[in-house]
Ligand code: UFG
């Protein structure tokens, strides 16, 4: 298929581009390189440097006047720092909501009916039961999660009213790097746990903070469900092919069903790198639920997907290969 990947130079997007090309699809990347890296774009993809908020550019690309028409569009170009979304909501309204709604209208105008959306577990908010399944109530506790939910709701309406076929993929904690080591550019100023532990291990920062050790978990630190980007990538390609072959939308959790505490993650990194990681325990970070673990049985049923590379050791090793250099 001929695919446009918006945000295809970013951390998750760049991994999906490799997976699409590995599976024989043609890819064009649209990225403004605000956080994405040119070097992470698969050489087999065409790169258009530009902003998805530039409606004329998006119109031109999707109309197919200057290029081959796209069969499917993937969208990863969003802001994702939950904490920042609470203090600077306007940025998130513009980037995540308005730009995406405009994009969806351009898709419909150009009769492109296959859309894969990078959603998030942040749509659920604090878990009312575990593991979280797709029927869990959506009550986001940060504005970032709300922006993802707002788009999911519009997608459901556009599906019903205009026949747009979509996959909303709700990731849990994405981590890891390309198993074959082809993606080498590191995320700049990361806010997530694993890249921060890696930066300490690599000597790029002296220490790190663990946000709270008084949660009701086995060691007092928060539990998360870590999913390898390679597994996310496989799911995205399968989801796109499902939309092509079946007249049905998808809303799926992408997770492993197994949770690890912050301290367990740090211990695994210590095992892989062979020396201790310097950290200090500080107070809780606002908006952190004690435990987030998801059921992914629906993804297995619908697209025959199951995480294969997400055991903590494989995941950490794939990151250390990049960070140690
Ligand atoms: N943590 C630390 N120290 C750090 C960074 C993180 O202790 O320096 C802890 C956090 O408090 C949390 C855990 O590590 O308990 C994981 O935190 P992350 O920031 O890596 O990830 P989150 O679970 O907060 O959020 C991530 C994505 C969101 C997504 C969510 C879904 O960043 O976009 O997973 O589960 F919505």
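Numbering (the working numbering), first residue to last: 28 to 352. Glycine included, every Cβ here is placed at the ideal spot set by N, Cα and C.
- The alpha-carbon of residue 50 is positioned some 11 Å away from that of residue 268.
- Look at residue 246: its beta carbon is at least 8 Å from all of the heavy atoms in the ligand UFG.
- Counting C-beta atoms within 10 angstroms of its own C-beta, residue 192 has 16 or more neighbours from the protein chains shown and is therefore classed as buried.
- Under the 8 Å Cβ criterion, the region 77 to 93 does not count as touching the region 105 to 118, having fewer than three qualifying pairs.
- For residue 73, the enclosing beta strand (DSSP E) covers residues 73 to 76.
- For residue 197, no alpha helix (DSSP H) run applies; the uninterrupted beta strand (DSSP E) run containing it begins and ends at 192 to 198, by DSSP.
- Under the three-pair Cβ rule at 8 Å, the region 127 to 143 does not count as touching the region 283 to 297.
- Shown here, residue 52 sits in coil according to DSSP, grouped into three states, outside any helix or strand.
- The continuous alpha helix (DSSP H) containing residue 113 extends over residues 109 to 114.
- Every beta strand (DSSP E) stretch that sits fully inside the region 270 to 298 and reaches 3 residues is listed by chain position as 277 to 281.
- When DSSP states are grouped into helix, strand and coil, residue 345 belongs to the helix group.
- By the 16-neighbour rule on beta-carbons within 10 angstroms, residue 280 is buried.
- Selection 310, 73 and 111 evaluated against residue 95 yields 73 as nearest (Cα-Cα).
- Here residue 98 is not bridged, per DSSP, to any residue.
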